[in-house]
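What follows is one structure encoded as C-alpha cells, with my remarks underneath.
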DNA sequence: CATAGATGTAATATGAAAAGTTACAGGAGG
DNA sequence: CCTCCTGTAACTTTTCATATTACATCTATG
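Residue numbers (this note's numbering), protein chains in the order written: chain A, 140 to 282; chain B, 140 to 282.
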C-alpha cells in the first residue's frame with residue numbers, strides 16, 4: 140500500500156498559500172480548484188494543518204495563511220500534521236502470528252526495532268526539505 | 140496509508156525457512172500456521188520470492204528453501220520481491236492538479252525528485268539489515 | 001501407475017480505509 | 001441582515017488488501 144495523497148495535497152495547499160500570498164484570498168474553494176478535488180477534503184486538511192500550528196485560517200472572511208517562516212517548515216511537519224497513522228508506523232504487521240511457534244512468538248521483538256529505524260530514516264530525509272525549497276522551485280518554473 | 144503486511148509476512152516466512160531448515164518440511168500450510176493466515180496468501184508470496192530468486196520451491200513433494208546465503212539477503216530484497224507497488228513509489232499523488240494554475244502545473248516537477256529521495260533513504264536503511272541479523276535474533280530469543 | 005500431498009492459479013467474497021459528496025450550522029465583514 | 005466562508009457531520013462511492021473456495025497440475029513414493 141501507499142501513503143495517502145493527503146500528504147501531497149497538503150504540500151500543494153501550502154505551496155499555494157505561499158505562492159499566492161497577497162495576490163489572492165486562498166480559500167478552500169480556490170485550493171480545491173488548484174488541487175483538483177473537493178473543498179471539504181481541503182477544509183479537513185486545513186483543520187489538521189491549523190491544529191499543528193502551521194497555518195492560520197480566518198473564519199467569516201475566509202482564507203488561509205502560513206504562520207511560520209517557510210524555511211522552518213519541513214515536509215515532515217506537514218506529513219506529521221495530516222497523516223494520523225503516523226503513530227501506527229508505516230508498516231502494517233500481520234496480526235495473528237502463532238504464539239506457539241518459536242518464530243511467530245518472537246517475530247515482533249525481532250522486527251519492531253528495525254522497522255522503526257527504517258521509518259526514522261525516511262522521516263529524517265523528510266526533515267531535510269523545507270517549504271522554502273519547494274516554493275523556490277515553483278517560482279523558478281514560473282518565470 | 141501503510142505498506143501492506145505482505146512485507147512482514149514475507150520476512151516471517153523466510154525466517155521460518157531458515158529456522159526450521161532440516162527440522163521440518165516448510166510447506167505453505169506450515170507457514171500459514173506460523174503466520175496466522177491463509178495458505179493461498181502464503182503460496183502467492185512464495186511465488187514472488189521464487190521469481191526474485193530468493194527461494195526454491197519444490198513441486199510435488201513440497202517445501203521451500205532459501206537459495207542464497209542469509210547474509211546476502213537484505214530486507215530490501217524481500218520488500219522489492221513482494222511489494223509490486225515498488226515501481227509506483229510509496230507516495231500516492233493526487234491525480235488532477237489544475238494545469239491552468241502555476242502551482243498545479245508544476246507541483247509534480249517540484250516534488251517528484253524529493254519524494255524519490257525520501258524513498259531512497261528508506262530503501263537504503265532496508266538494505267542495511269540482512270536476514271542473518273533477523274535469524275540471529277530469533278535464535279537468541281529461543282535459547 | 002495410482003495416489004497422496006503439495007504447489008500454481010483463477011475467481012470471487014469480504015472488509016476496511018481513502019476519497020468524494022451533500023447538507024447545514026456558525027462566524028465575520030460589509 | 002446578507003453574503004461568503006469555515007467547521008463538521010453523515011453518507012456514498014471507490015479502491016485495495018486480505019481471505020476464501022475451488023481445482024488443475026506436479027512429483028515422490030508405495
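Every residue gets a Cβ at the ideal spot worked out from N, C-alpha and C, and that includes glycine.
In terms of alpha-carbon separation, which member of the options lies closest to residue i?
i: residue 143/B; options: 200/A, 275/A, 227/A, 248/A; result: 227/A
i: residue 229/A; options: 162/A, 152/A, 259/A, 196/A; result: 259/A
i: residue 210/B; options: 257/B, 243/B, 271/B; result: 271/B
i: residue 204/B; options: 220/B, 249/B, 281/B, 163/B; result: 163/B
i: residue 149/B; options: 262/A, 252/A, 243/A; result: 243/A
i: residue 251/B; options: 237/B, 261/B, 232/B; result: 232/B
i: residue 261/B; options: 218/B, 275/B, 182/B; result: 218/B
i: residue 241/A; options: 197/B, 275/B, 241/B, 240/B; result: 275/B
Determine, using beta carbons only, whether residue i and residue j come nearer to each other than 8 Å.
i: residue 273/A; j: residue 154/A; result: yes
i: residue 160/A; j: residue 249/B; result: no
i: residue 236/A; j: residue 246/A; result: yes
When DSSP builds the beta bridges, which residues end up paired with residue i?
i: residue 118/A; result: Past the boundaries of the shown model lies residue 118/A; chain A is included only from 140 to 282, so the question cannot be answered.
i: residue 195/A; result: 204/A
i: residue 230/B; result: 142/A
Quick check: what's the CA-CA separation for residue i versus residue j?
i: residue 180/A; j: residue 170/A; result: 10 Å
i: residue 255/B; j: residue 175/B; result: 34 Å
i: residue 157/A; j: residue 193/A; result: 12 Å
i: residue 146/A; j: residue 234/A; result: 27 Å
i: residue 185/B; j: residue 206/A; result: 51 Å
i: residue 199/A; j: residue 173/A; result: 22 Å
i: residue 257/B; j: residue 263/A; result: 8 Å
i: residue 190/A; j: residue 223/A; result: 12 Å
Leaving out five residues on either side along the sequence, give the residues of the same chain with a beta carbon under 6 Å from the beta carbon of residue i.
i: residue 201/B; result: 166
i: residue 266/A; result: 213, 215
i: residue 152/A; result: 170
i: residue 187/A; result: 220, 221
i: residue 195/A; result: 204, 206
i: residue 197/A; result: none
i: residue 253/B; result: none
Within the same chain, show all residues whose beta-carbon is closer than 8 Å to that of residue i, passing over the 5 residues directly before and after it, in chain order.
i: residue 280/B; result: none
i: residue 182/A; result: 167
Short of 7 Å in beta carbon distance, which residues of its chain neighbour residue i, apart from the five on each side in sequence? Order them along the chain.
i: residue 178/A; result: 167, 168, 171
Can residue i be considered in contact with the ligand ZN, in the sense that its beta carbon sits closer than 7 Å to one or more heavy atoms?
i: residue 199/B; result: The model on display carries no ligand, and the ligand ZN is accordingly not part of it.
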